[in-house]
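The sequence shown begins at 1 in full-length UniProt numbering and counts up by one.
Just so it is clear, CB atoms sit at the ideal spot from N, CA and C, and this is done for glycine as well.
Remarks on the structure that follows.
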Amino acid sequence: MGDITKAYDLIIIGGGPAGLTSAIYGGRSKLKTLVINKGTVGGMVNTTREIVNYPGYRNISGEDLMKDFKKHAEDFGVEFLRDEVVKTDLSREDKRIVTKKGKEFSAKAVIIACGSEPRLLNIPGEKRLQGSGVAYCATCDAEFFEGEDVVVVGSGDQAIEEGMYITKFARKVTVIVLHDEGILDCNKVSAERAFQNDKMEFIWNSTVEEVLGADNVEGVKIKNLKTGSSEELACQGVFFFVGMVPATHFLKDSGIVMDQRGYIPVNELLETNLEGVYAVGDNRVKYLRQVVSAAGDGATAAVAAERYIEEMNAFQANVLASEKPVLLAFFNVLDQGSLEFCTLLEEVNQELSECYRIVKVDLTTKKNLAQKYGIQQVPSVLVLDKGRHVKRLNCGTTKDSLKTQLV
């Protein structure tokens, strides 16, 4: 990697609801925060015409909600960069990020909020005719099919709701459904509305096996899953809504652990397997993928990152920069024995003319250092010299024995 363009406390990769919430919390904590987003800030939520279940907003478009999120972050001094992250080095203490435009940044903590992207069926004609009749976003492209016949592939919430939106423009919308007649994967309200829509038709027990057309979509080849027979259906547009996949391909060689689908497993603090790196929103392993759950992820990760950075800054100032050897003393404020041992440690250090600097770490509030050094019980004391681990003290001894260990 080359020269650093700029250093930050916190860099957030992705500007959807999870990333923007992280940015709000990061900015409010006075962290120097940068959001890198390769597209329009807001991500896939921008294509949602109507959100009715986000607390405090009875009815708002996804685009308008994301504008509010971004403005909130900007009010706290968060910086935004429209670029794409193509390379990372996240295993080091000062994490490095390189963008497609050749800029390189460093950060003390990184939050991965790159979200997900439409799943491709990878059938013949799909990729070739993208932008020429093949589409994945009704809000973006429906108006281009005014008065034409359109096919929708899928039967989940997105497929049916987007399909109904397309009927505002298209002459007819034919939905290709894998299931038996009357069975859709969407919610019941949307299903009822779709069945009552005169411009929507359904082909059951079927899938699309090819998109037809030379320069533009002219039709699709549909296969009946029960009979095995195929037929062609003329149309001018095909919208695919067959699920999403995590947009984590740029992390392939980063050292971040991912499952076989590309989702990132995390713990309750949204921590990945790499220290100081967090994953939030649709790119992580989780049960519910909605704006409200993404926002919750962003808040949790940003608070965890802020505390991690605070601990690392304190470690740098109090341990690595110390002229004296350091006694890193781990205690629990709720454990009287560990508190008494810390008092004893201070007495011994005074008798030794304070030749050590004592740095106390409360495990109830600062867990990152404990994890770093494998501390599982209190009291525990490490002797460090410029951050180098010299030895661990036996804390179950007398005052004289403790003094002997430190001489």
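For this session: To the nearest angstrom, report how far apart residue 126 and residue 134 are at their CA atoms.
Result: One Cα belongs to residue 126, the other to residue 134, and the distance between them is close to 7 Å.
For this session: Please state whether DSSP places residue 21 in a helix, a strand or coil.
Result: Three-state DSSP puts residue 21 in a helix.
Exercise. Which residues bound the alpha helix (DSSP H) around residue 480?
Worked result: Since the displayed the chain opens at 1 and closes at 407, residue 480 lies outside it and no answer follows.
Problem set entry | Other residues of its chain near residue 119: CB distance less than 7 Å, five sequence neighbours each side excluded | Its chain contains 242, 243, 244, 245 as the residues whose beta carbon lies nearer than 7 Å to that of residue 119, once the 5 sequence neighbours on both sides are disregarded; these appear in chain order.
Problem set entry | Distance between residue 17 and residue 42 (C-alpha atoms, nearest Å) | Going by the C-alpha atoms only, they are around 6 Å apart.
Problem set entry | Segments assigned beta strand (DSSP E), at least 3 residues, entirely inside the region 155–200 | Counting whole runs of 3 or more residues, the region 155–200 contains the beta strand (DSSP E) stretches 172–176.
Exercise. Does the separation of the CB atoms of residue 194 and residue 166 fall below 7 Å?
Worked result: No.
Exercise. Counting only runs that start and end within the UniProt domain "Thioredoxin" (313–405), where is the beta strand (DSSP E) found for 3 or more residues in a row?
Worked result: Along the length of the UniProt domain "Thioredoxin" (313–405), whole beta strand (DSSP E) runs at least 3 residues long occupy 326–331, 357–362, 380–385, 388–392, reported in chain order.
Problem set entry | Residues of its chain near residue 61, where Cβ-Cβ distance is below 8 Å and the 5 sequence neighbours each way are ignored | 48, 49, 50, 51, listed in sequence order.
Problem set entry | Short Cβ contact (7 Å threshold) for residue 90 with residue 270 | Their beta carbons are not under 7 Å apart, which means residue 90 does not touch residue 270 by this criterion.
Exercise. Just the Cα atoms here: how many angstroms apart are residue 56 and residue 370?
Worked result: Using only the alpha carbons, I get a separation of about 40 Å.
Exercise. Thinking just about the alpha-carbon of each residue, which of 103, 40, 217 is nearest to the one in residue 140?
Worked result: Per the Cα distances, 40.
Exercise. Within this structure, are the beta carbons of residue 233 and residue 109 separated by less than 7 Å?
Worked result: No, they are not a contact pair.
For this session: Below 8 Å CB to CB, which residues in the same chain sit around residue 201 once its five sequence neighbours on both sides are set aside?
Result: Beyond the five residues adjoining it in sequence on each side, residue 201 comes within less than 8 Å, by CB distance, of 172, 173, 174, 175 in the same chain, given in chain order.
Exercise. Which one of 206, 7, 45 has the shortest CA to CA distance from residue 14?
Worked result: For residue 14, the nearest C-alpha among the options comes from 45.
For this session: Count the C-beta pairs between the region 289–298 and the region 17–32 that are closer than 8 Å, then say yes if the count reaches three, no if not.
Result: A contact between stretches requires three or more CB pairs, one per stretch, nearer than 8 Å, and the region 289–298 meets this requirement with the region 17–32.
Problem set entry | Residue nearest to residue 102 in terms of C-alpha spacing, selected from 81, 94, 114, 93 | Proximity to residue 102 across 81, 94, 114, 93 peaks at 81, based on C-alpha coordinates.
Problem set entry | Where residue 237 falls, given that 16 or more other Cβ within 10 Å makes a residue buried | By the neighbour-count rule (16 or more Cβ atoms within 10 Å), residue 237 is buried.
Exercise. Just the Cα atoms here: how many angstroms apart are residue 308 and residue 143?
Worked result: Their Cα atoms are separated by approximately 48 Å.
For this session: From the DSSP output, in three-state form, read off residue 122 for me.
Result: In this structure, DSSP gives residue 122 a state outside helix and strand, which the three-state scheme calls coil.
For this session: Take every Cβ of the region 299–318, pair it with every Cβ of the region 335–346, and state whether three or more of those distances are shorter than 8 Å.
Result: Segments in contact, no.
For this session: Return helix, strand or coil for residue 248, following the three-state DSSP convention.
Result: DSSP places residue 248 in the coil class of the three-state scheme, outside both helix and strand.
Problem set entry | Nearest candidate by alpha-carbon position, reference residue 170, set 34, 198, 192 | 198 is the residue among 34, 198, 192 whose C-alpha sits nearest the C-alpha of residue 170.
For this session: Determine the direct distance from the alpha carbon of residue 331 to that of residue 321, and round the result to whole angstroms.
Result: Cα to Cα, residue 321 sits roughly 22 Å from residue 331.
For this session: To the nearest angstrom, report how far apart residue 70 and residue 398 are at their CA atoms.
Result: Distance between the alpha carbons of residue 70 and residue 398: 58 Å.
Exercise. Going by C-alpha distance, which of 208, 159, 35, 359 is nearest residue 124?
Worked result: When only C-alpha atoms are compared, the closest one is 208.
For this session: If I'm right that residue 451 touches residue 334 with Cβ under 8 Å, what's the distance once you round it to whole angstroms?
Result: Here the chain covers residues 1 to 407 and nothing more, so residue 451 does not appear.
For this session: Identify the continuous alpha helix (DSSP H) that holds residue 139 and give its terminal residues.
Result: 138–141 is the extent of the alpha helix (DSSP H) around residue 139.
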